[in-house]
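Student:
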Ligand SMILES: Cc1cc2nc3c(=O)[nH]c(=O)nc-3n(C[C@H](O)[C@H](O)[C@H](O)COP(=O)(O)OP(=O)(O)OC[C@H]3O[C@@H](n4cnc5c(N)ncnc54)[C@H](O)[C@@H]3O)c2cc1C
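Numbering (the numbering used here), first residue to last: 98 to 501.
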């Protein structure tokens, strides 16, 4: 069969398994951890016990041949709660940074450590953004200087908005190794547990996803072994030499391709949040009576729900298409990965807002979960590339014009 929109038995089993965990463990804890605004270590431990918070789980889903394993799992997890979902998934984002840039030895050494053990789970952080370098990664200032005498790299700078920043055992840090090459002169490093010179700066108090820790990470003469340069020195030197040769016309194609592959996973999270709010609003609209009838009997409400469901399904299809393309080596000729994240993120914002509207006054209170879901949804138009940046990438890809 050339095309099928049906899930395999394995995929359905995965969906049910993650959904069960989300329903039994995550949902009941969501309000508490949103209010506490801190990492839910107990839930991470529960997830580790059942094998959901583990390298094996994320590796298996990331390599699932259709590409749909990860989006299916993430949608269910974030259906449970986005803050706790991100507390669980944040480490996998850092692990993906190591897997895509590291040597097999580095992946084998560091990625298992990132998750810790069942008894004592750990988290990892991916630190790229800086106070003056958010969307504009090329403006990065954190410096990595090689000390030949000791075979060490010395990192100095301030990273911001890092998920798990400062509480992580392992930090994956991007830094400038050759300022003249701008974005092509960057490299990624592992900062091992307990390294002197790395400290947590401000912890941010956020609008949503409050069970996920977000903080500044300060690097002051932070010395790490030469072996912590992801990909190794030889590969870096070759890459820098190539970039110097083609510096004028050079663009950062490899990293753009990586983003196209990772963005559907973020889109799947947004789909999960949107679906959670939609399902809650649908049930509420059937129960709540005004003017002697259920509010869903009014077209104004029923049509809103019809639009919500339609846009969620449309977003999911874009996510699945991009995830399938990534796994099957298809070329992203129209930035389909960015498309999926853009549509899913904006769908989550719109649908959660509509859910609040359907709940009326109740929707505006913290006694009902859609208020939290609406706060959580907003992050999906901001992190992992804002909606504007997604549009920029799509526009440049379809036009071939360097649109600003
Ligand atoms: C909760 C949270 C968790 C995060 N986790 C991480 C993490 O783990 N690791 C990490 O490295 N980063 C992380 N980030 C950072 C995140 O990726 C950035 O916030 C995001 O890339 C936007 O950067 P900025 O905040 O500096 O906004 P800016 O880049 O300053 O953008 C501000 C506004 O200007 C717009 N804009 C900027 N440039 C253009 C342009 N060329 N054309 C049109 N519009 C433009 C943007 O779309 C946006 O609307 C996180 C952020 C948050 C809030």
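Yeah, the Cβ is synthetic: ideal placement off N, Cα and C, and Gly gets one too.
Being a predicted model, the structure only gives us computed values, none of them experimental.
Could you tell me which whole alpha helix (DSSP H) segments of length 4 or greater appear in the segment 212–237?
Tutor: Complete alpha helix (DSSP H) runs here, min 4: none at all.
Student: Would you check if the segment 142–160 and the segment 208–217 touch, i.e. whether three or more CB-CB distances between them fall below 8 Å?
Tutor: Verdict: yes, contact present.
Student: Hey, which unbroken runs of the beta strand (DSSP E) at 3 residues or more fall wholly within the segment 283–330?
Tutor: Segments of the beta strand (DSSP E) lying fully in the segment 283–330: 283–288, 295–300 and 311–322.
Student: Using 8 Å as the threshold, is the C-beta distance between residue 378 and residue 402 below it?
Tutor: Translated into the one-based positions of the chain shown, residue 378 becomes position 281. Translated into the one-based positions of the chain shown, residue 402 becomes position 305. Result yes, Cβ atoms of residue 378 and residue 402 sit closer than 8 Å.
Student: Return helix, strand or coil for residue 465, following the three-state DSSP convention.
Tutor: Taking the first residue of the chain shown as position 1, residue 465 is located at position 368. If DSSP states are grouped into helix, strand and coil, residue 465 belongs with coil.
Student: Sort out for me which residues DSSP pairs residue 203 with in a bridge.
Tutor: Within the chain shown, residue 203 is the residue found at index 106, counting from 1. Residue 203 is not bridged to any residue.
Student: Are residue 211 and residue 236 close, meaning C-beta to C-beta below 8 Å?
Tutor: Position 114 of the chain shown, counted from the start, is the residue given in the question as residue 211. Position 139 of the chain shown, counted from the start, is the residue given in the question as residue 236. Against a cut-off of 8 Å, the Cβ pair of residue 236 and residue 211 comes out as no contact.
Student: Could you check if residue 223 belongs to the surroundings of ligand 1, using beta carbon to heavy atom distance under 7 Å?
Tutor: Working through the chain shown from its first residue, we reach residue 223 at position 126. Result yes, Cβ under 7 Å from ligand 1.
Student: Closer than 7 Å to a non-hydrogen atom of ligand 1 - does that hold for the CB of residue 437?
Tutor: By one-based count along the chain shown, residue 437 stands at place 340. Incorrect: residue 437 has no Cβ contact closer than 7 Å to ligand 1.
Student: Could you give the uninterrupted runs of the beta strand (DSSP E) lying entirely in the segment 391–448, keeping only those of 3 residues or more?
Tutor: Those beta strand (DSSP E) runs which fall completely within the segment 391–448 and span 3+ residues do not exist here.
Student: Given the structure, does residue 226 come close to ligand 1, in the sense that its CB is under 7 Å from one of the ligand's heavy atoms?
Tutor: Position 129 of the chain shown holds residue 226. Correct: residue 226 has its Cβ closer than 7 Å to ligand 1.
Student: For residue 284, which option in 440, 295 and 243 has the closest C-alpha, if you only look at C-alpha atoms?
Tutor: Position 187 of the chain shown holds residue 284. Residue 243 is the option with its Cα nearest to residue 284.
Student: Residues bridged to residue 267 by DSSP?
Tutor: Within the chain shown, residue 267 is the residue found at index 170, counting from 1. According to DSSP, which records beta bridges pairwise, residue 267 is partnered with 221.
Student: Assuming residue 261 is part of the beta strand (DSSP E), what are its boundary residues?
Tutor: On the chain shown, residue 261 is found 164 positions in, with the first residue counted as 1. Note, residue 261: premise wrong, no beta strand (DSSP E); not H, not E.
Student: Leaving out five residues on either side along the sequence, give the residues of the same chain with a beta carbon under 7 Å from the beta carbon of residue 443.
Tutor: As a position in the chain shown, residue 443 is number 346, starting the count at 1. Here the set comprises 478 and 484.
Student: In terms of alpha-carbon separation, which member of 313, 415 and 445 lies closest to residue 522?
Tutor: Residue 522 lies beyond the stretch modelled for the chain, which goes from 98 to 501, so this question has no answer here.
Student: At a threshold of 7 Å, does residue 260 count as lining ligand 1 (C-beta to nearest heavy atom)?
Tutor: As a working note, residue 260 is residue 163 in the chain shown. Yes, since a heavy atom of ligand 1 falls inside the 7 Å radius drawn around the Cβ of residue 260.
Student: In three-state terms, what does DSSP make of residue 255?
Tutor: Mapped onto the chain shown, residue 255 falls at position 158. Looking at residue 255 - three-state DSSP - the assignment turns out to be strand.
Student: Report buried or exposed for residue 109, applying the criterion of at least 16 other Cβ atoms within 10 angstroms of its Cβ.
Tutor: Counted from its first residue, the chain shown places residue 109 at position 12. Exposed is the call here.
Student: What's the C-alpha gap between residue 259 and residue 469?
Tutor: Reading the chain shown from its first residue, position 162 is the one you call residue 259. Reading the chain shown from its first residue, position 372 is the one you call residue 469. The straight-line gap from Cα to Cα measures roughly 22 Å.
Student: Which same chain residues, not among the five before or five after residue 459, have their C-beta less than 7 Å away from its C-beta?
Tutor: Sequence index remark: in the chain shown, residue 459 carries index 362 (1-based). Closer than 7 Å at the Cβ level, and outside the excluded window around residue 459, lie 465.
Student: Three or more beta-carbon pairs under 8 Å between the segment 98–107 and the segment 132–142, yes or no?
Tutor: Result no; under three Cβ-Cβ pairs closer than 8 Å.
Student: Does at least one heavy atom of ligand 1 sit under 7 Å from the Cβ of residue 496?
Tutor: Position 399 of the chain shown, counted from the start, is the residue given in the question as residue 496. The answer is no for residue 496.
Student: Spatial neighbours of residue 486 within its chain, please: C-beta separation below 6 Å, excluding the five flanking residues on both sides.
Tutor: Residue numbering aside, residue 486 sits at position 389 when the chain shown is read from its first letter. 232, listed in sequence order.
Student: Helix, strand or coil, according to DSSP, for residue 150 in the structure here?
Tutor: Along the chain shown, read from residue 1 onward, the residue named residue 150 stands at position 53. Coil.
Student: Mind checking who residue 272 pairs with in its DSSP beta bridge?
Tutor: Here the question's residue 272 lines up with position 175 in the chain shown. Note: residue 272 sits in a beta bridge opposite 284.
Student: Would you grab the beta carbon distance between residue 180 and residue 131 for me? Rounded to a whole angstrom, and I think it's under 8 Å.
Tutor: Residue numbering aside, residue 180 sits at position 83 when the chain shown is read from its first letter. Residue numbering aside, residue 131 sits at position 34 when the chain shown is read from its first letter. Confirmed, Cβ separation roughly 6 Å.
Student: Should residue 264 be listed as close to ligand 1, given that the test is whether its C-beta is under 7 Å from any heavy atom?
Tutor: Counting from one through the chain shown, the residue named residue 264 turns up at place 167. No.
Student: Skipping 5 residues on each side, what residues in its chain have a beta carbon closer than 6 Å to that of residue 184?
Tutor: Sequence index remark: in the chain shown, residue 184 carries index 87 (1-based). Same-chain partners within the cutoff: 136, 137, 308 and 309.
Student: So is residue 438 buried or exposed if we call it buried at 16+ other beta carbons inside 10 Å?
Tutor: Residue 438 sits at position 341 when you count from the first residue of the chain shown. That one is buried.
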